[in-house]
Structure formats: C-alpha cells, structure tokens
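Colleague: Quick one: structure below, then a few questions.
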Amino acid sequence: EAADWSTSPTSKTIAGQEHSITGLLKNTYSMEPIMTTSSTKEEKKKKDTIAENGLKLQDYTSGEHLADKEIVFSQEDLVEFASGSIAKVFGEEYAIIDSYRRRVMLPMDPYLLVSRVTGLNAKRGEYKPSTMQTEYDIPYGAWYTTDRQIPWAVSVESGQCDLLLISYLGIDFQNKGELVYRLLDCTLTFVDDLPFEGQTLRYDISINSFVQNGDNLLFFFSYRCYVEDRLVLKMDGGCAGFFSDEQLQQGGGVVYTKEEIQARLNAERKHFVPLLHTDKTSFSKEDLRHLINGEMEKCFGNMSYYANGRNSSLRLPPEQILMIDRITSVDLKGGAYGLGLVIAEKDLSPDDWYFPCHFRDDEVLAGSLQAEGGGNLLRFFMLMLGLQRLTKDARYQPVYDIPQKVRCRKEVTPSADTKLIYKLEIKEIGLVPNPYVIGDLEIISNDVVTVHFENLGLQLREKDNPRYLDKTKDVYVSPRSEGALLNEKDLTVFALGSLKDCFGEEYAVYDGRSLSRQPNGDLQLISRVLRVEGKRFDFSTTPIYSEYDVPTDAWYYQQNAHLTMPYAVIMEIGLQPCGLLGAYLGSTLLFPEKDLYLRNLDGDGELMDLPNGTDFRGKTIEHKAVLVSSIAHGGTILQRYTFECAVDGRVFFKGSASFGFFEKEALEAQAGLDKGESVPAWYVTEGLQEKEYMRINLDSLYGKMKLYKAPAGKPHYRLSEDQLDLIHELKIAKDSGKYGKGYIHATKYVHTYDWYFTNHFYSDPVMPGSLGVEAILQAMQVFALHMDLGRDFASPCFVQVPNHKTEWKYRGQILMDVREMHLEVHIRSMEMSGDMLVVIGDAFLWSGGMRIYEVTGVALGIADSIEPAFLT
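Shown next, in the form of structure tokens:
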C-alpha cells in the first residue's frame with residue numbers, strides 16, 4: 095500500500111513504480127546481514143592494542159614507547175629524588191640541600207606517578223617562567239585502576255612535577271629546610287575521558303610567575319595533560335607556597351566570601367526523582383566493599399539494584415585508594431539546592447600508606463587523595479540514584495569542560511588528624527545527554543574545612559561511545575535536525591530532562607514532578623518530529639509527521655534470532671508518536687495541578703504486504719499519526735489516534751489506538767478486563783491434568799539445548815535472547831484450548847531490575863504493553879519449536895505475517911512490584927499461506943491474579959530464511 099501523505103515534506107511518490115524485488119522475494123526473507131565482516135588477525139591485533147578511548151595501548155617491554163625521546167631525568171633519577179639525594183640527581187651544587195632536615199620532594203612509591211622527564215627549560219637561581227615536560231606510563235595491573243581505567247586522583251597527581259621544577263630552580267637554598275611546600279589553589283578542567291593502563295600521560299608543566307611575601311615564596315603554575323596528542327586535562331590557576339610549621343599550624347581552613355555565602359542562601363531548591371530507591375541512609379565499610387565488587391543490591395539492600403550483567407565497570411575503586419570508610423548520612427533532598435547531601439568519614443592512621451610516601455620527612459595527606467574521596471562519594475551517589483539503569487556498559491567519566499575549583503587551606507598530618515569528614519552537596523543532576531551529577535565538596539578535619547572542591551562532577555558514558563569508534567563499512571542513516579520541529583536531542587530531553595526545555599515555558603509547572611514521558615534508551619524509537627499541523631490546546635483533528643532512523647546495529651536485530659523486527663518494536667514505532675502528539679498539544683496542561691500518566695487502552699495494528707520482510711536496517715521509517723478525538727473530564731483525558739508507518743514510501747503498518755491520561759489513584763484502582771472478578775487461566779477452569787500438558791522451564795537443559803540453541807543447518811530456528819527473552823516457564827497442551835488446535839500457558843517472574851522499567855518510563859516505570867504482546871509471541875515460538883512446526887522448511891525462522899491485523903485491549907499494568915505475569919494463548923489456526931506457515935492465536939495476560947490484556951489475532955509466521963538472489 096502506497097503512503098498517501100501528499101502534505102508530508104518527506105512523502106515519496108511510488109504510484110506506478112515497478113518493484114521487481116516483490117515478485118523475486120515472494121514470501122522468502124533475508125535472515126543474514128547484507129554485509130558481514132570477519133575479524134582478521136590484523137583487525138584483532140589492532141583491537142588488542144587500542145583502548146576504548148581510541149588511543150594506543152603500549153608494550154612497555156619492547157622499549158618502543160621510548161624511541162626518539164630525550165630523557166632528561168630517568169625513572170631511577172626520580173626515585174632517587176623522591177627518597178634519596180638531590181645532589182645525585184641535580185648535581186653537586188645542590189649538595190648542601192641534602193644536609194637540611196627537609197626539602198621539596200616528589201612522593202615515593204606507590205604515589206610516585208612520573209616515569210621520566212623529557213624536557214626542561216629552567217635555570218637554577220632564576221625565578222622566571224620555566225617549563226618541564228614529564229611522562230607517566232600507566233602500568234598494566236595498576237593497584238588503583240577500576241577495570242583498567244585510572245581514577246581522578248591519579249590523572250591529577252601525575253602532574254606532580256611542579257615540585258621537581260621548583261626544586262630545580264633552587265627554592266631549598268632559600269628555605270633551608272624550615273619552609274615546606276603546600277598547594278593552595280588550582281582549577282581543573284577535564285576535556286576527555288580518563289586514560290587506561292598501557293597508556294602514557296604526558297604533562298606540559300609551566301611555572302608562570304612568582305610572588306615573594308616576606309620569607310614566603312608563592313609561585314603560580316599550570317599544566318596540560320595529554321595522551322598521545324589528545325588533550326585530556328587542563329590545570330590552571332595553580333598556586334603553591336612555602337610555609338613554616340608555625341604558619342601551617344595557624345591555618346584557619348577555607349573561608350567563604352560574602353558572595354559565596356549569599357549565593358547558597360539564594361540557591362533555588364530543585365527536585366530530582368531517583369530511578370531506584372533504598373530505605374538505607376547510612377552505609378558501612380562492608381556496604382562499600384559490596385560496591386567495590388559490583389554488588390549493588392547487597393549494598394543498598396534492594397534487588398532492584400541488581401546489575402543483571404550490565405555496567406560491570408560501575409563500581410567503587412579498589413580499597414587501597416578508597417578514601418571513605420563509611421557514609422553516615424544521605425539526604426536525597428538535603429543541601430542548599432535540595433538535590434542531596436551526603437556525609438562520610440575517613441579514619442586516618444600514621445601507618446596508612448599515603449602518609450609515609452607523601453613526603454619523606456614531611457608527611458602530609460595529598461590533596462588529590464582527599465578529593466578522591468569526593469569522587470568515591472559521587473560514584474556511590476549516582477548508583478544510589480539508579481542512574482546506571484539508563485546505561486548498558488558505561489564508565490564513570492569526568493564532566494567535560496566544567497572548571498573544578500580547588501582550595502586547600504589546612505594541611506592534614508598523621509600527628510594532628512585522626513578523621514576526615516566529607517560533606518558532598520549536590521547542586522545539579524541531569525540525564526541528558528548522559529546521566530551526570532555535579533556537587534560541591536567540603537573536607538573537614540578537627541572542625542576546620544581543609545579543602546573545598548567546587549563543581550566536582552561525574553557522568554556515565556557508554557564504553558562504545560561513537561566519539562572514538564571508526565564507522566564500519568555499512569549503510570548508515572545520517573541524523574539530521576534541520577527543518578525538524580523536534581530533533582533527537584529534543585526528544586531525549588522529553589524522555590529524561592525538563593519538559594520546558596523541550597516544549598516551552600508553559601511546561602515549567604512540571605519541573606521536579608513525576609509524569610509520563612517519551613520512552614528512553616532502547617525504547618526511544620522516534621528520531622525526529624518534522625511537524626505538527628495544529629496548535630497547542632487545539633484538539634481537533636491534528637496530524638504529526640515523524641521519522642525513525644533504524645540503526646544498522648539495533649539491539650532488537652542483534653538479539654533476535656534473525657533479521658526480523660520484533661512485533662513489539664513495530665508497535666512502539668507506530669504508537670509512540672501518538673503519545674508524543676498528545677503531550678505536545680498540551681493535553682495534561684488542561685489539569686496542570688494533577689500528575690497524569692499516559693496509558694495505551696486498546697488498539698489494532700495491521701501489517702501490510704512485506705516483500706522484503708522487516709529488515710529495515712539503515713532505513714528511515716516515516717510515520718504519520720492523526721489525533722481524531724479528545725475528551726477531557728474530571729482530571730482524565732481520553733484520546734483516539736490513527737497511524738501509518740512507511741519505508742521507502744510504502745506503508746507497512748497501520749492502525750488505530752486509544753490512550754488515556756490518568757491520575758495514579760485511578761491506575762491503582764483498575765479492575766482489569768473482568769471488572770474486579772478473579773478469572774483463572776483456562777487450563778485451571780477446564781481442570782487439565784498434568785498428564786495432558788507438557789511443562790517446560792526455559793532455564794532447563796531442554797530449554798537451553800532445544801529452544802535457545804539452533805539445530806545444525808538451521809541457524810535461526812531458535813528463541814531470541816536477552817531483552818527479547820520475556821517468559822520463564824510454560825505449559826503446552828497439544829490439540830487443546832478453546833479451538834482444539836493447541837494451548838499455551840506461560841509465566842514470567844517479574845524483577846524490579848528488568849530492563850524495560852527504566853526505559854518506559856523515567857519516573858513512571860511500567861512494562862510496555864507491546865512487550866506483553868511480544869511475550870505472547872515468544873510463548874507461541876516455544877510452542878512452534880516444541881511441536882517442530884518448521885520441520886518442512888530447509889532453514890526455518892520466525893517472521894512477521896503480512897496482510898494481517900492484530901487487536902489488543904489493556905485494562906491494567908505490570909509495575910515493578912508485580913511478582914508474576916501469566917499469559918495464555920489459544921491457537922486458532924495453523925495454515926500455509928504461500929510459502930509461509932501462519933500460526934494465529936487469541937491470548938490473555940494476567941498481572942498477578944488480575945486478567946488485564948486481551949490480544950486477538952496475534953500471528954506468528956514461519957518461513958525459509960533464504961537469502962534473496964539479488965543480494966548474493
């Protein structure tokens with residue numbers, strides 16, 4: 095059926111166009127990728143030597159990383175400088191300094207984080223702008239890394255050779271062991287991801303100016319940190335000085351300006367809805383160890399935090415560099431900004447590793463390690479909020495281009511300090527473009543703020559960030575935003591951000607409130623809205639035109655047993671613009687004081703002729719939806735839509751759907767399809783005996799070997815996995831059910847950590863009805879595999895059935911607190927249609943003991959997965 099969208103700017107005229115592939119394909123489908131790429135030895139070698147950030151991993155044993163480098167001071171020199179004689183490194187003219195009781199030193203192992211000095215532009219005794227270039231080879235298996243990536247503290251501390259440079263200038267000839275180095279200020283700005291084991295950090299360090307104040311010299315410095323030629327970190331505004339013991343003892347800590355104090359008093363209090371919830375507000379060292387091991391559910395005492403194989407790198411760093419011992423208080427609404435206040439403690443002992451090594455003869459806790467405790471807290475807080483639910487395989491990364499201002503005003507020594515108190519005040523939380531948190535940190539010892547850290551921030555970024563990846567040779571849809579009413583970024587903001595930023599100031603009333611949104615992540619299936627032919631609050635017949643760019647590596651193709659788009663995805667593509675149109679027109683603004691939630695009530699969808707199947711990778715699906723009616727009364731809104739989806743100008747899916755906006759109380763009062771009556775499954779009412787059906791556990795050996803594993807020569811004749819795996823146990827009765835053609839009963843054990851709750855929707859987690867339909871189809875696939883309905887096909891696979899309509903009715907919901915979902919399917923017919931076996935059934939679905947879905951005419955196709963001749 096040709097799409098007749100003459101008013102759409104992307105409509106394509108196909109009337110009279112000859113589609114030669116239609117006759118060629120008939121009912122056979124391509125189930126293999128159009129282009130396959132095999133990993134050659136060269137590609138594998140390249141992959142093994144390139145980190146996630148796209149930069150090289152070096153073989154330190156070969157010496158290649160030292161080729162053509164001038165070594166001013168070697169590793170041995172630096173170790174000697176840190177723990178031995180300055181004269182052995184700089185020369186005999188410095189020998190007098192070795193007689194002083196203290197001097198400027200580098201930290202000793204394990205906090206000596208420099209491998210060599212490769213450049214020096216400075217002269218002894220000349221306090222003029224001077225420079226030094228250093229390198230640090232991040233060792234493999236380093237004690238401080240998390241899944242091979244360095245922590246914040248190491249990236250900052252590895253620029254420690256301002257100490258070496260000021261020492262080379264001869265400051266200790268002046269200090270004579272009576273004055274010692276202390277950092278006062280710096281501003282850190284990350285512009286890239288944290289580096290990895292096997293990479294070399296290169297620092298360009300500059301001392302820019304000097305100020306003499308009596309006996310005290312202050313110097314101002316900066317550095318740039320690179321990996322290869324990529325800038326990773328900038329440090330500006332560095333200020334350090336030399337002070338006597340008496341001056342250090344008199345340090346009064348950080349003093350805030352009147353402007354800073356007033357700014358906090360005037361701060362606008364905000365609200366953030368966490369994705370996960372725990373009743374715990376304090377956490378022990380053992381709880382923190384669970385986070386080191388990636389066991390979030392044990393730390394937070396709630397299975398909704400269970401990672402289920404995702405985000406293996408989101409954990410606290412190794413215990414040796416964990417700078418907090420306990421979290422004494424978490425208030426998610428605390429602090430001046432209302433976004434959270436976290437208080438933690440770190441016990442200090444003179445025997446702790448970080449005192450003796452920093453520095454010899456002048457033991458003091460490194461400011462970078464103090465600040466690392468703040469980074470530990472940010473990691474913890476992000477996990478507590480559940481931000482990891484929005485990612486699959488992410489890492490903690492700095493928030494780019496945010497200046498992080500550090501003030502150090504009181505030293506922490508083993509003799510005077512026994513405990514640090516951390517106060518992390520959250521000032522900003524966001525989910526777009528990546529989940530992130532920014533806060534201000536106070537570090538307190540003996541009731542004095544020793545360090546204040548402004549704008550400490552972390553974000554969660556997927557490891558496979560396309561920023562660093564080469565595109566494979568394949569067909570790609572180029573995202574575009576010009577001429578679009580709403581682009582993909584806008585839609586992501588609707589899904590996860592502030593509604594006013596997407597739809598305008600009228601929606602500011604919803605800031606900080608729970609409400610229905612656009613699905614996010616793997617269920618965000620709109621790329622752009624081209625236009626809406628209507629105005630806000632005009633609920634007369636109004637169309638919306640949108641598009642969805644189908645990724646070539648879409649998860650639902652990769653996880654499916656073949657290259658058929660799952661019916662749930664087709665449904666979501668068809669239905670999502672309807673809900674978006676309702677939101678855009680201002681439906682909920684009719685009752686701005688109410689929190690309203692969108693639910694699909696019923697609908698129908700008809701798949702049209704599918705000459706090429708549903709392998710739409712690399713194509714753009716065009717969508718048109720029309721609001722045909724809208725009724726609002728008493729805080730409830732009911733709307734009816736029609737929709738069409740097309741590829742290459744040909745409509746492949748069309749239908750209609752009803753939606754409603756409801757208050758939470760109305761949703762909780764839903765009585766199901768049977769108006770509150772408990773209607774058991776058919777096999778119960780009919781009294782089927784166990785001998786009359788086959789019980790199947792998909793996690794059993796039979797399930798793993800016969801249902802998920804394809805037989806030889808039939809690679810697609812199996813169940814799909816991962817996010818498309820939606821049931822756990824079945825009862826199958828051959829020649830049974832109300833039509834006598836077959837009966838299936840299936841159970842899914844619902845977990846709070848199931849992937850779709852976060853994607854659908856943020857702040858309103860509910861299982862999409864489309865996935866309920868997909869679970870029904872999976873049950874039918876188990877029936878087909880168990881009965882071997884594909885035995886007469888050379889290479890069978892499950893496909894969508896063309897020219898067929900399915901209808902659904904929803905009168906309830908699957909929420910996170912539901913323990914079990916049950917469904918049953920009555921096979922209505924099993925007939926050949928051309929070269930396809932079509933299995934049609936009618937189904938019901940239960941939430942616990944309440945029957946809530948009715949799906950009529952759900953269809954499963956089985957066809958040969960023969961690759962079309964024109965693609966070979």
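Offset between the sequence shown (1-based) and the numbering used here: plus 94.
Built from N, CA and C at the ideal position, the CB exists for glycine as well.
Quick caveat, the model's predicted, so the values are computed rather than measured.
(1) Have a look at the DSSP bridge pairing and note the partners of residue 891.
(2) Between which residues of its own chain and residue 228 is the CB-CB distance below 6 Å, once the five residues before and five after are set aside?
(3) Hey, would you say residue 868 sits closer than 8 Å to residue 818, going by beta carbons?
(4) Looking at the structure shown, is residue 383 part of a helix, part of a strand, or coil, going by DSSP?
(5) Span of the alpha helix (DSSP H) holding residue 476?
(6) Could you give the distance in angstroms between the alpha-carbon of residue 85 and the alpha-carbon of residue 713?
(7) Do the CB positions of residue 390 and residue 472 come within less than 8 Å of each other?
(8) State the start and end residues of the unbroken beta strand (DSSP E) segment that holds residue 733.
(9) Does any C-beta atom of chain B lie closer than 8 Å to the C-beta of residue 428?
(10) Tell me whether the beta-carbon of residue 590 lies closer than 8 Å to the beta-carbon of residue 604.
(11) Check whether the Cβ atoms of residue 610 and residue 855 lie closer than 8 Å to each other.
(12) DSSP three-state call for residue 748: helix, strand or coil?
(13) What is the rounded straight-line gap between the Cα of residue 291 and the Cα of residue 151?
(14) In three-state DSSP terms, what is residue 548?
(15) Given residue 259, which residues of its chain have a CB within under 7 Å of its CB, disregarding the five upstream and five downstream residues?
(16) Can you give the beta carbon distance from residue 483 to residue 407, rounded, assuming they're within the 8 Å contact cut?
(17) In this structure, does DSSP put residue 249 in helix, strand or coil?
(18) Considering just the uninterrupted stretch of the beta strand (DSSP E) at residue 305, what are its terminal residues?
(19) With a cut-off of 8 Å on the beta carbons, I'd call residue 351 and residue 497 a contact; round off their distance for me.
(20) Counting C-beta neighbours from all protein chains within 10 Å, is the total for residue 687 16 or more, i.e. buried, or is it exposed?
(21) Given that a residue counts as buried once 16 or more other Cβ atoms are within 10 Å of its Cβ, and exposed if not, what is residue 137?
(22) Where does residue 817 fall in DSSP's three states?
(23) Quick one, are the C-beta atoms of residue 821 and residue 894 less than 8 Å apart?
(24) Taking 8 Å as the threshold, find out whether the segment 697-707 comes into contact with the segment 892-907 through three or more Cβ pairs.
(25) Whether or not the segment 725-738 and the segment 747-756 are in contact is what I'm after, with contact meaning three or more pairs of Cβ atoms, one per stretch, closer than 8 Å; do they touch?
(26) Please go through the same chain and pick out, in chain order, the residues whose beta-carbon is closer than 7 Å to the beta-carbon of residue 672, but skip the five residues on each side of it.
(27) Specify whether the segment 778-785 and the segment 940-953 touch according to this definition: at least 3 beta carbon pairs, one from each stretch, less than 8 Å apart.
(28) Please state the DSSP three-state secondary structure of residue 668.
(29) Any idea if residue 205 is buried or exposed, counting beta-carbon neighbours within 10 angstroms, 16 or more meaning buried?
(30) Tell me where the alpha helix (DSSP H) around residue 393 begins and ends.
(31) So for residue 64, helix, strand or coil by DSSP?
(32) List the whole-angstrom C-beta distance separating residue 652 from residue 619, where the pair is believed to meet the contact cut-off of C-beta under 8 Å.
(33) Specify, as a first and last residue, the run of the alpha helix (DSSP H) that residue 451 falls within.
(34) With a CB to CB cut of under 8 Å and the five nearest residues on each side skipped, what residues in its chain are close to residue 654?
(35) Would you mind stating whether residue 935 and residue 881 have Cβ atoms separated by less than 8 Å?
(36) Are the segment 413-430 and the segment 497-512 in contact at 8 Å, needing three or more beta carbon pairs?
Modeller: The relevant details are as follows:
(1) Position 797 of the sequence shown, counting from 1, holds the residue named residue 891. Paired residue(s): 957.
(2) Taking the sequence shown and counting its residues from 1, the one referred to as residue 228 is at position 134. Cβ neighbours of residue 228 beyond the five flanking positions: 208, 211, 255, 297.
(3) Reading the sequence shown from its first residue, position 774 is the one you call residue 868. Reading the sequence shown from its first residue, position 724 is the one you call residue 818. Yes, they are a contact pair.
(4) Against the sequence shown, residue 383 aligns to sequence position 289. It is helical.
(5) For the purposes of this step, residue 476 is taken as the residue at position 382 of the sequence shown. For residue 476, the enclosing alpha helix (DSSP H) stretches over residues 461-479.
(6) It is not possible to answer for residue 85, since the shown part of the chain is limited to 95 through 966.
(7) On the sequence shown, position 296 is the one that residue 390 refers to. On the sequence shown, position 378 is the one that residue 472 refers to. Taking the C-beta atoms as reference points, residue 472 is found no nearer than 8 Å to residue 390.
(8) As a first step, residue 733 is located in the sequence shown; it is residue number 639 there, counting from the start. 730-741 is the extent of the beta strand (DSSP E) around residue 733.
(9) Here there is only one protein chain, and chain B is not present.
(10) To locate residue 590, count along the sequence shown from 1; it is residue 496. To locate residue 604, count along the sequence shown from 1; it is residue 510. Their beta carbons are not under 8 Å apart, which means residue 590 does not touch residue 604 by this criterion.
(11) Position 516 of the sequence shown holds residue 610. Position 761 of the sequence shown holds residue 855. Cβ atoms of residue 610 and residue 855: closer than 8 Å.
(12) On the sequence shown, residue 748 is found 654 positions in, with the first residue counted as 1. If DSSP states are grouped into helix, strand and coil, residue 748 belongs with the strands.
(13) Locating residue 291 in the sequence shown gives position 197, where the first residue counts as 1. Locating residue 151 in the sequence shown gives position 57, where the first residue counts as 1. Looking at the two C-alpha atoms, the distance is approximately 8 Å.
(14) Taking the first residue of the sequence shown as 1, we reach residue 548 at position 454. Three-state result, residue 548: strand.
(15) Here residue 259 corresponds to residue number 165 of the sequence shown, with the count starting at 1. Contacts found: 216, 224, 226, 299, 301.
(16) Taking the sequence shown and counting its residues from 1, the one referred to as residue 483 is at position 389. Taking the sequence shown and counting its residues from 1, the one referred to as residue 407 is at position 313. Rounded to whole angstroms, the Cβ separation of residue 483 and residue 407 is 15 Å, and the two are not in contact under 8 Å.
(17) As a first step, residue 249 must be located in the sequence shown, where it is residue number 155. Under the three-state reduction of DSSP output, residue 249 falls in the helix class.
(18) Numbered from 1 along the sequence shown, position 211 holds the residue referred to as residue 305. Per DSSP, residue 305 is one residue of the beta strand (DSSP E) stretching across 294-307.
(19) Residue 351 sits at position 257 when you count from the first residue of the sequence shown. Residue 497 sits at position 403 when you count from the first residue of the sequence shown. With a Cβ gap of about 17 Å, residue 351 and residue 497 do not count as contacting.
(20) Counting from one through the sequence shown, the residue named residue 687 turns up at place 593. That one is exposed.
(21) Start at 1 with the first residue of the sequence shown, and residue 137 comes out as number 43. Bear in mind that the predicted position of residue 137 carries a pLDDT of just 45, short of 50, making it too unreliable to give a figure here.
(22) By 1-based counting over the sequence shown, the position of residue 817 is 723. DSSP places residue 817 in helix when its eight states are reduced to three.
(23) On the sequence shown, residue 821 is found 727 positions in, with the first residue counted as 1. On the sequence shown, residue 894 is found 800 positions in, with the first residue counted as 1. No.
(24) Judged by Cβ distances under 8 Å, the segment 697-707 makes contact with the segment 892-907, as three or more pairs qualify.
(25) Taking 8 Å as the limit for Cβ pairs, the verdict is that the segment 725-738 does touch the segment 747-756.
(26) Numbered from 1 along the sequence shown, position 578 holds the residue referred to as residue 672. Taken in chain order, the residues that qualify are 719, 735, 737, 751, 753.
(27) No contact exists between the segment 778-785 and the segment 940-953.
(28) Counting from one through the sequence shown, the residue named residue 668 turns up at place 574. Looking at residue 668 - three-state DSSP - the assignment turns out to be helix.
(29) The residue labelled residue 205 in the question sits at position 111 within the sequence shown. Buried, since its Cβ has 16 or more Cβ neighbours within 10 Å.
(30) In the sequence shown, counting from the first residue as 1, residue 393 sits at position 299. That run of the alpha helix (DSSP H) goes 390-394.
(31) The requested residue 64 does not occur in the structure, where the chain is confined to residues 95 to 966.
(32) In the sequence shown, residue 652 corresponds to position 558, counting from 1. In the sequence shown, residue 619 corresponds to position 525, counting from 1. The beta-carbon separation of residue 652 and residue 619, rounded to 16 Å, does not stay under the 8 Å limit for a contact.
(33) Here residue 451 refers to the residue found at position 357 when the sequence shown is read from its first residue. Per DSSP, residue 451 belongs to no alpha helix (DSSP H) and is neither H nor E.
(34) As a position in the sequence shown, residue 654 is number 560, starting the count at 1. Within the same chain, 660, 814, 818 come within 8 Å of residue 654 by CB-CB distance, once the 5 residues on both sides are set aside.
(35) Your numbering for residue 935 matches position 841 in the sequence shown. Your numbering for residue 881 matches position 787 in the sequence shown. The answer is no: Cβ separation not under 8 Å.
(36) No, because fewer than three Cβ pairs between the segment 413-430 and the segment 497-512 fall closer than 8 Å, the two stretches do not touch.
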